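What follows is a single structure, written as structure tokens, with notes after it.
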Amino acid sequence: MPSPFQNILTASLINSSTRLEIRDPYSIHVLLLWEITKLFDFALWLSRDLARDLEKNRIFKEDPQPDYNRMHELARHAIHTSEMLEITLETLMAIIREHDLFFDDNTTLPKSIRTISRQTMRDLQFQNTIIKSLHSRSKALEDRLRNEINLAFNIVAQYDSRISVRLSKAMQMDSFSMRTIAILGLLFLPGTFICVSNIQY
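First residue of the sequence shown? That's 1 in this note's numbering, and the numbers climb one at a time after it.
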């Protein structure tokens, strides 16, 4: 476990306002999930700010040179975050299933423990909802970054197309000039050779 996260988790456990019910072994998962959710939320907002910076500073000038490396790095991190959130959701669903099985199999547990168990289940389901929301935000961020990368490619392609059209027009003008010189050469060079030949004799 990373040291900063370990310190945050330890502080949460020590904090008297944290509701940790030792009679339900799954209640520690709720606490752990709160801290994981905070980290995911922070990472998503940070990524969102970086994506927003890309959107606000789009390149529309005459010679566009987008920072494709930066765009792809941001997209890679967004994809990685979505993968981690998806795995977290699968793990959380497994925890919820095991929690159900544990308390369903132990029918002799006192009513007070069953009440605690229901509260833990509600907390786990609430965490599931929050992580699903974070996953949706992460997927939306992936789409935004994909959109920015596609837009950058399109802007550069349009610029390259405009340059190609200009080059084509310049080559047509150059071709026209060369034809004109060739025609003029055909018209005047034979007469020039004849004149020069007559002067030498």
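No residue lacks a Cβ here, since even glycine has one placed at the ideal position from N, Cα and C.
Bear in mind the structure is a predicted one, so any value in this text is a computation, not a measurement.
Proximity of Glu86 and His135 at Cβ, strictly below 8 angstroms: yes
Run of the alpha helix (DSSP H) containing Phe103, from where it starts to where it stops: Per DSSP, the continuous alpha helix (DSSP H) segment holding Phe103 begins and ends at 68-105.
Whole-Å CB distance - Leu54 paired with Ser138, under 8 angstroms assumed: Not confirmed; about 16 angstroms, so no contact.
Contact set for Trp155: own chain, Cβ-Cβ below 6 angstroms, skip 5 residues either direction: For clarity, residue 155 is Ile in the given sequence; the question names Trp instead. The residues Pro64, in chain order, have a CB closer than 6 angstroms to that of Ile155 in the same chain once the five nearest residues on each side in sequence are set aside.
Own chain residues within Cβ distance below 7 angstroms of Arg146, not counting five before or after: Ala75
Straight-line gap, Asn22 to Thr81 (C-alpha atoms, nearest Å): The sequence shown places Ile at residue 22, not Asn. Cα to Cα, the separation comes out at about 32 angstroms.
Inter-residue spacing [alpha-carbon to alpha-carbon] between Asp104 and Ser117: 10 angstroms
Nonlocal neighbours in the same chain, by C-beta distance under 8 angstroms from Leu109, ignoring five residues either side: Phe103, Ser117.
Phe60 - containing alpha helix (DSSP H), residue span: Counting along the chain, Phe60 falls outside any alpha helix (DSSP H), and DSSP gives it neither H nor E.
Pairwise C-alpha distance: Asp24 and Lys111: 13 angstroms
Run of the alpha helix (DSSP H) containing Leu109, from where it starts to where it stops: Where Leu109 is concerned, there is no enclosing alpha helix (DSSP H), given that its DSSP letter is neither H nor E.
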